[in-house]
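Colleague: Provided herewith is a single structure, encoded as structure tokens, for subsequent inquiry.
Numbering (our numbering), first residue to last: 48 to 329.
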């Protein structure tokens, strides 16, 4: 389906530099939107009348030109300044390459954008027996190994040493990715880190892959410090990473792919990872 077809239901022009995405993971809303537009509405009051079954907790009409960001609990949607049209989906700033909706959702609920097992994984370290059982019973899907190994090398940062290997799709602003990075540094494992921009971090990823010392640049990126510049370079490998992630439904980070193609999403503690990595062959 063409993008023009996907977004044809949006009735008002989208501000320049912004792209409104298709609906993703937002619960059904009870529409009762009147056709009468308001000139300078008190948006909270307008939405209370037009969406009486939706508890609106916050409205911000200043952040995005032409749109009001509406928060309903842990969910977001958008409306025009008259409160007439609803837009349910994601808003992208195409100049900064930032998913504005994802960034805001992460502020509201830090666990929302990481893999579905992140919270469980973060609590999973309390007992070797339970970790071992989890590693054995946690059913994960697989992807084609040839497709994974065929990704361009210039889109990855390789670090660590060990007989086992793991490919990690990460975002440098993702807290669980930083935690996973720190965990993997303590392990005997070869890591192939492939940055993807979930939270508007493409510029950071560009700087990392163009650095003359990529390993050091990864650490600097996770710490939020200045990245040692290496000038401009070909960053098309990052485009391939993101296309691969979209194809396989990687909507959050971190995502780990074992050498045999098995995929798990979300942070996991060292004990789990050691057991899980033994199931693959390098």
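Beta carbons are placed, not taken as given, at the ideal position from N, Cα and C, and that holds for glycine.
If you're wondering where the values come from, they're calculated on a predicted model, not measured in any experiment.
Just the C-alpha distance for residue 261 and residue 253, rounded to the nearest angstrom, thanks.
Modeller: In the chain shown, counting from the first residue as 1, residue 261 sits at position 214. In the chain shown, counting from the first residue as 1, residue 253 sits at position 206. Approximately 11 Å between the Cα atoms of the pair.
Colleague: Please confirm if the segment 140-153 is in contact with the segment 241-249, defined as three or more CB-CB distances below 8 Å between the two stretches.
Modeller: yes
Colleague: If the criterion is Cβ atoms closer than 7 Å, does the pair residue 277 and residue 258 meet it?
Modeller: Taking the chain shown and counting its residues from 1, one reaches residue 277 at position 230. Taking the chain shown and counting its residues from 1, one reaches residue 258 at position 211. For residue 277 and residue 258, yes; Cβs fall inside 7 Å.
Colleague: Over what stretch of residues does the alpha helix (DSSP H) that includes residue 114 continue unbroken?
Modeller: Taking the first residue of the chain shown as position 1, residue 114 is located at position 67. Element bounds for residue 114: not the alpha helix (DSSP H) but the beta strand (DSSP E), 114-119.
Colleague: If residue 139 and residue 146 are in contact, beta carbons under 8 Å, what's the gap, nearest whole angstrom?
Modeller: To locate residue 139, count along the chain shown from 1; it is residue 92. To locate residue 146, count along the chain shown from 1; it is residue 99. Their Cβ separation, rounded to whole angstroms, is 6 Å, which keeps residue 139 and residue 146 in contact under 8 Å.
Colleague: Starting from the C-beta of residue 120, find all residues in its chain whose C-beta is less than 8 Å away, skip the five residues before and the five after it, and write them out in chain order.
Modeller: Taking the chain shown and counting its residues from 1, the one referred to as residue 120 is at position 73. Excluding sequence neighbours, residue 120 sits near 102, 104.
Colleague: Counting pairs of Cβ atoms below 8 Å between the segment 203-215 and the segment 226-237, do you hit three or more?
Modeller: yes
Colleague: With a cut-off of 7 Å, does the C-beta of residue 322 fall near any C-beta of chain B?
Modeller: The question asks about chain B, but that chain is absent: this structure has only one protein chain.
Colleague: Report the partner residues of residue 216 according to the DSSP bridge assignment.
Modeller: By one-based count along the chain shown, residue 216 stands at place 169. According to DSSP, which records beta bridges pairwise, residue 216 is partnered with 241, 302.
Colleague: What separation, rounded to the nearest whole angstrom, lies between the Cα atoms of residue 270 and residue 127?
Modeller: By one-based count along the chain shown, residue 270 stands at place 223. By one-based count along the chain shown, residue 127 stands at place 80. Taking the straight line from one Cα to the other gives about 38 Å.
Colleague: If you draw a straight line from the alpha carbon of residue 26 to that of residue 206, how long is it in whole angstroms?
Modeller: Residue 26 lies beyond the residue range present for the chain, which begins at 48 and ends at 329; the question has no answer from this structure.
Colleague: Enumerate, from N- to C-terminal direction, the unbroken beta strand (DSSP E) stretches of 3 or more residues contained entirely within the segment 262-301.
Modeller: You should have found no qualifying run.
Colleague: Taking only the alpha-carbon atoms, compute the straight-line gap between residue 98 and residue 154 and give it to the nearest angstrom.
Modeller: Here the question's residue 98 lines up with position 51 in the chain shown. Here the question's residue 154 lines up with position 107 in the chain shown. If I take the Cα positions, the gap works out to 24 Å.
Colleague: For residue 280, which of 107, 267, 202 has the nearest alpha-carbon?
Modeller: On the chain shown, position 233 is the one that residue 280 refers to. For residue 280, the nearest C-alpha among the options comes from 202.
Colleague: Would a C-beta distance cut-off of 7 Å place residue 304 and residue 188 closer than the cut-off?
Modeller: By one-based count along the chain shown, residue 304 stands at place 257. By one-based count along the chain shown, residue 188 stands at place 141. In this structure, residue 188 does not lie closer than 7 Å to residue 304 by Cβ.
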